[in-house]
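For reference, the structure discussed in these notes is given below.
Protein chains: 2
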Amino acid sequence: MTTPHPQGMARYAALADVLRQRIVRGEWLPGTALPAEQVLAHDHSVALGTIRRALQLLTEQGMIERVHGRGTFVRSGIPGASMLRFFRFGDEWDGASADGQAAQAPESRILSRQRMTATAEVARALGLPLGAAVLRLERLRLLAGQPRLLEHIWLPCELFKALEQDEPQHWEPLLYPMFAQRCHVHVHRASDDIGFGALPADVAHHLALSPGHPCAVVRRKAFNLAGRCVEWRTTWGDAHAFHYTVHLT
Amino acid sequence: MTTPHPQGMARYAALADVLRQRIVRGEWLPGTALPAEQVLAHDHSVALGTIRRALQLLTEQGMIERVHGRGTFVRSGIPGASMLRFFRFGDEWDGASADGQAAQAPESRILSRQRMTATAEVARALGLPLGAAVLRLERLRLLAGQPRLLEHIWLPCELFKALEQDEPQHWEPLLYPMFAQRCHVHVHRASDDIGFGALPADVAHHLALSPGHPCAVVRRKAFNLAGRCVEWRTTWGDAHAFHYTVHLT
DNA sequence: TAGTGGTCTAGACCACCTA
DNA sequence: AGGTGGTCTAGACCACTAG
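As given, the protein sequences belong to chains A and B, one line each in that order. For the first sequence, my numbering assigns the number 1 to the initial residue and increments by one for each residue that follows. For the second sequence, my numbering assigns the number 250 to the initial residue and increments by one for each residue that follows.
Now the structure itself:
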């Protein structure tokens with residue numbers, strides 16, 4: 001005879017909320033395991049099925065991952081977030097082996113790193129007060145040795161102190177795993193805003209294209225578990241190489 | 250003591266397969282109700298929870314919709330499939346009322362309708378034999394009286410006989426509901442392939458733009474419940490108006 | 001009021017992973 | 001072997017919708 005609908009919502013939904021808050025507050029860090037179903041069920045005095053329903057909700061929301069036989073883990077990072085997924089360059093198969101081998105690994109080159117004060121636009125995107133300290137990275141992505149994408153990346157200094165220390169030339173090619181390891185910032189969600197434009201002169205130069213060349217522009221906001229915007233990024237690439245598929249259901 | 254994993258899969262997954270086949274074969278038409286959970290559970294000699302799990306799978310796959318208190322229904326058609334969702338034209342608020350009112354309804358104008366034999370490209374897209382009879386529609390989409398998108402739509406004649414009868418000028422502006430009503434073709438799934446290019450002269454003419462103007466090109470394949478491709482469409486629009494947001498989780 | 005799907009329980013047994 | 005999540009059952013009760 002349990003209270004039917006506490007706070008007007010289902011028991012499992014309320015449980016999911018509680019667990020989500022505990023995750024967001026850092027009680028269980030990304031990559032670590034939650035207590036077993038049995039334990040959670042006992043602790044909250046509900047049946048196993050009810051806890052499972054709550055955990056299913058959190059799974060759908062991308063908060064946790066469940067692995068049969070191992071446990072339930074706080075998700076760490078989003079997969080498949082590469083900007084290169086929006087583009088198909090003709091030379092993906094120009095690697096060393098001429099047969100149908102895997103593509104040559106994309107290259108990443110940090111062109112510049114500057115500590116600055118946030119302009120109005122950057123501050124708004126990152127949810128910072130005007131004039132807050134931010135880190136600006138300029139990054140080139142290359143495929144088979146050819147420069148393909150240029151990125152401007154803005155980060156709140158406050159969260160990314162560790163990135164001001166060493167030489168960016170030695171950073172790993174994947175930023176998000178590095179953010180997690182060095183800065184304990186886990187990118188959990190992102191939204192990519194796709195548009196079309198003409199290449200500014202400085203960007204065009206880095207991509208070996210002419211100024212005004214048609215380009216796809218992707219603006220990304222990346223968020224951590226708590227829903228805070230931790231990165232704002234603009235990516236430019238040749239419009240003719242742009243390609244994306246949306247599935248409707 | 251039921252057989253644990255028939256065919257190596259869970260009972261509920263096998264059940265979902267069976268139900269999916271019955272839906273695809275047309276045993277329950279789009280928009281109509283399936284038997285109640287209790288009935289299905291009894292018929293298949295499983296517990297209620299098992300049937301619910303199967304129905305949940307079909308829900309996630311977009312096959313059915315469940316409505317509390319009313320029943321379980323075969324889904325009819327996909328929502329939000331308009332090509333206009335890829336574009337933001339500046340005049341969406343130029344309607345009659347100058348305040349923050351709803352946008353003027355988009356207009357649809359069929360420019361031409363031709364019965365033809367499928368070229369290799371069209372036949373491949375629609376999964377038809379080369380030379381099969383197809384219907385080609387040329388359609389203009391307008392916003393606030395301005396021509397904005399041009400579409401070439403290819404349909405298998407076999408499925409769309411009814412569209413060869415009357416005047417296309419009197420068709421409703423939304424194609425998919427019309428396909429369902431007049432031809433009993435229900436679009437259940439689609440994939441939109443986005444790229445950038447330059448406007449061909451004839452297309453540019455209809456959009457009041459110059460030939461070679463940068464444009465976004467969306468190629469769509471639409472499928473019915475059985476997974477058959479029932480429409481192949483190419484849509485052109487001004488690249489500068491293109492805008493799309495992808496959410497990553 | 002009757003019928004539908006939604007919630008929750010309590011427990012048995014299975015499959016998977018690690019050690 | 002012991003712990004984890006996954007499957008399935010049988011049944012009670014609740015919430016929503018329709019006639």
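Glycine residues also receive a C-beta, built at the ideal position from the N, C-alpha and C atoms. Computed from a predicted model, the values in this text were never measured in an experiment.
From the options, residue whose alpha carbon lies closest to that of residue i
i	options	result
Leu333 of chain B	B:Gly320, B:Val323, B:Arg319, B:Ala354	B:Ala354
Leu250 of chain A	A:Ala54, A:Arg53, A:Ile78, A:Leu15	Chain A is shown from 1 up to 249; residue 250 of chain A falls before or after that span and cannot be answered.
Ala21 of chain A	A:Val74, A:Pro214, A:Pro173, A:Gly31	Checking the displayed sequence, the identity of residue 21 of chain A turns out to be Gln instead of Ala. The shortest Cα separation from Gln21 of chain A among A:Val74, A:Pro214, A:Pro173, A:Gly31 belongs to A:Val74.
Gly197 of chain A	A:Pro214, A:Val203, A:Arg189	A:Pro214
Ala190 of chain A	A:Ala201, A:Glu172, A:Pro173, A:Val218	A:Val218
Ser45 of chain A	A:Asp238, A:Arg11, A:His152, A:Leu155	A:Arg11
Ala33 of chain A	A:Glu65, A:Ile110, A:Asp202	A:Glu65
Tyr244 of chain A	B:Arg469, B:Arg477, B:Asp487, B:Cys478	B:Arg469
Val122 of chain A	A:His152, A:Leu140, A:Gln38, A:Leu174	A:His152
Asp202 of chain A	A:Pro211, A:Gly195, A:Ile194	A:Pro211
His188 of chain A	A:Trp171, A:Val230, A:Ala162	A:Val230
Asp442 of chain B	B:Pro422, B:Leu412, B:Thr483	B:Thr483
Asp487 of chain B	B:Val316, B:Gln287, B:His317, B:Phe336	B:Phe336
Leu389 of chain B	B:Met365, B:Leu423, B:Leu412	B:Leu423
Gly31 of chain A	A:Gln38, A:Val67, A:Ala14	A:Val67
is_contact[residue i, chain A] using C-beta, thresh 7 Å
i	result
Ser325 of chain B	no
Leu497 of chain B	yes
Ile300 of chain B	no
Gly311 of chain B	yes
Asp441 of chain B	yes
Pro449 of chain B	no
Pro463 of chain B	yes
Leu408 of chain B	no
Short Cβ contact (7 Å threshold) for residue i with residue j
i	j	result
Ser325 of chain B	His496 of chain B	no
Phe160 of chain A	Leu135 of chain A	yes
Ala216 of chain A	Phe89 of chain A	no
Leu150 of chain A	Trp236 of chain A	yes
Residue-level contact to chain B via CB, residue i, 7 Å cutoff
i	result
Asp238 of chain A	no
His184 of chain A	no
His243 of chain A	yes
Phe196 of chain A	yes
Ala81 of chain A	yes
Arg139 of chain A	no
Pro156 of chain A	no
Arg189 of chain A	yes
Supposed close pair residue i, residue j - CB separation, criterion 8 Å
i	j	result
Ala251 of chain A	Gly71 of chain A	The displayed coordinates of chain A run from 1 to 249. Any statement about residue 251 of chain A would go beyond what the structure contains.
Gly311 of chain B	Thr249 of chain A	4 Å
Ala133 of chain A	Cys157 of chain A	4 Å
Ala54 of chain A	Leu19 of chain A	6 Å
Ala118 of chain A	Leu130 of chain A	7 Å
Glu138 of chain A	Ser112 of chain A	4 Å
Gly376 of chain B	Arg301 of chain B	The pair is not a contact, with the Cβ atoms about 35 Å apart (cut-off 8 Å).
Arg148 of chain A	Leu142 of chain A	6 Å
Does the pairing of the region 176-186 of chain A with the region 205-220 of chain A give three or more beta-carbon distances under 8 Å?
-> Contact fails: fewer than three Cβ-Cβ distances are below 8 Å.
Quick check: the region 159-174 of chain A against the region 51-67 of chain A, are there 3 or more CB pairs under 8 Å?
-> Contact between the region 159-174 of chain A and the region 51-67 of chain A is absent, with fewer than three C-beta pairs closer than 8 Å.
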